[in-house]
Amino acid sequence: MKIFSLPLNPKLDQNQFNVYMTFLKEHKEFIYDVYFTCRIAPFEQDAMGDVFLNSSDDLLENALIIQDVLGIPISATFNNIYVRPSQKNLDLWIKNFIPLYERGIRSCTLPHSHWVATGQIQKKFPDLYIKNTILREINTAADMSKQVESGFNYINIDRDLMRDRDTLEKIKKVKTKFNIKVALLANEGCIGSCPMMEEHYHFNCTRTNGPQYFTDVISRVSCPKWEIKDPSSPLKTANVPPWKEDWDELLQYIDVFKMHGRESITQLWSSMSIIHNYSENKEILYNDFNEYLNETNLIGNAIKVWRKTIKNCKFDCWDCNKCEELYNLKSDLISTKDEIFITDTICTIFQD
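Going by my numbering, 28 is the number at position 22 of the sequence shown; the sequence numbering is gapless.
As structure tokens, then:
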């Protein structure tokens, strides 16, 4: 059951890489592939916006070790939609990708439909498995079908669709019709329907010097602000909830969960923990959300109603406010005697 695409973090030291390799070996039956940052011209920066201590060659060597030793496919990631989609850049990328293909790279993420639609890449690299980038925000079945028609073999749909069963049903039809793989980013932690995301990626993709987005003062109006001003924000993140049952339900519509952690080692360990817990068939796959629930008293039947409601809420927070209402009702409990009354009130809110 290979359902997880796990990143290779470029900042791992040798000991951390050894731990990572051991994990992959023990859980390879669940790993669809390992994707890694690949920076060859014209892709000299990407959505991570990071500068590596190790060279790109070192990262490539580590990726090849994973594929050669463990037999887990590796996937080169070129994740910058702000690289000009010109014929000149396409020719340059093909030229620079030839050595990687010759060394065994058979999967990659590319950002430009124009490039794939020319057929040049498929002609030069006939065995290459081409993924689209999540940065293109595939939000509808029509969006997805056009990507398939362009020539992509594997589609990363927009993370917000985890709360849109209506669209997922249509996505499933496209998947079945074209016999194509569909992936969903599962645990990046971004607010659903984030108004700053495109500019966040733009900031990082075009970075040449200075800080990354979240270490630049401009980010003060986004996540750092929302997390302080809106204590209900963890209820609005585009993360798959921690219950394994919810992950299994999404597998009715998609094939692969893309896990986060390419720029954060801490986040990588978290993704690995989720995969381990899934492999152990644990009911809860990660604990930080449960800690939030306990700290804010968001427990019991109310959270069950919330889980059911968000499956198709589409992150229409502007017209809903149910997460805020849930937080306000539950977090202010001062005794348990009113539990039944408040739970009934919450259920009424979510059913309205």
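Cβ atoms here follow ideal geometry from the backbone N, Cα and C, with glycine treated the same way. Bear in mind the structure is a predicted one, so any value in this text is a computation, not a measurement.
{"Item": "Cβ-based burial, residue 214 [other Cβ within 10 Å; buried from 16]", "Value": "exposed"}
{"Item": "Boundaries (first-last residue) of the alpha helix (DSSP H) holding residue 252", "Value": "250-256"}
{"Item": "Where residue 12 sits in the DSSP three-state scheme", "Value": "strand"}
{"Item": "Beta-carbon proximity of residue 184 to residue 154, cut-off 7 Å", "Value": "yes"}
{"Item": "C-beta atoms of residue 336 and residue 303 nearer than 7 Å", "Value": "yes"}
{"Item": "Distance between residue 210 and residue 51 (C-alpha atoms, nearest Å)", "Value": "8 Å"}
{"Item": "Residues bridged to residue 160 [DSSP beta-bridge criterion]", "Value": "137, 187"}
{"Item": "Straight-line Cα distance separating residue 254 from residue 276", "Value": "19 Å"}
{"Item": "Other residues of its chain near residue 72: CB distance less than 8 Å, five sequence neighbours each side excluded", "Value": "14, 27, 30, 40, 78, 80"}
{"Item": "Sequence-distant residues of the same chain with beta carbon closer than 7 Å to residue 151, five excluded per side", "Value": "180"}
{"Item": "Buried versus exposed, by CB contacts within 10 Å (16 or more), residue 239", "Value": "buried"}
{"Item": "4 or more residues per run - each alpha helix (DSSP H) lying fully within the segment 188-248", "Value": "203-211, 229-235"}
{"Item": "Residue interval of the alpha helix (DSSP H) (run including residue 272)", "Value": "271-285"}
{"Item": "Reference residue 129; option with closest CA among 109, 146, 97", "Value": "97"}
{"Item": "Touching by the beta-carbon criterion (3+ pairs, under 8 Å), the segment 105-114 and the segment 80-95", "Value": "yes"}
{"Item": "Per-residue burial, residue 120 [other beta carbons within 10 Å of its own, 16 or more giving buried]", "Value": "exposed"}
{"Item": "Alpha-carbon to alpha-carbon, residue 206 and residue 167", "Value": "20 Å"}
{"Item": "Nearest residue (CA-CA) to residue 104, options 246, 134, 241, 75", "Value": "134"}
{"Item": "Proximity test, residue 140 beta-carbon vs the ligand MN heavy atom, cut-off 6 Å", "Value": "Ligands are entirely absent from the displayed structure, and the ligand MN is therefore not among its contents."}
{"Item": "Exposure of residue 269, with buried meaning 16 or more beta-carbon neighbours within 10 Å", "Value": "buried"}
{"Item": "Beta-carbon gap between residue 323 and residue 244 smaller than 7 Å", "Value": "no"}
{"Item": "Beta-carbon gap between residue 163 and residue 144 smaller than 7 Å", "Value": "yes"}
{"Item": "Own chain partners of residue 274 with C-beta closer than 6 Å, once the 5 adjacent residues on each side are dropped", "Value": "15, 267"}
{"Item": "DSSP beta-bridge partners of residue 39", "Value": "11"}
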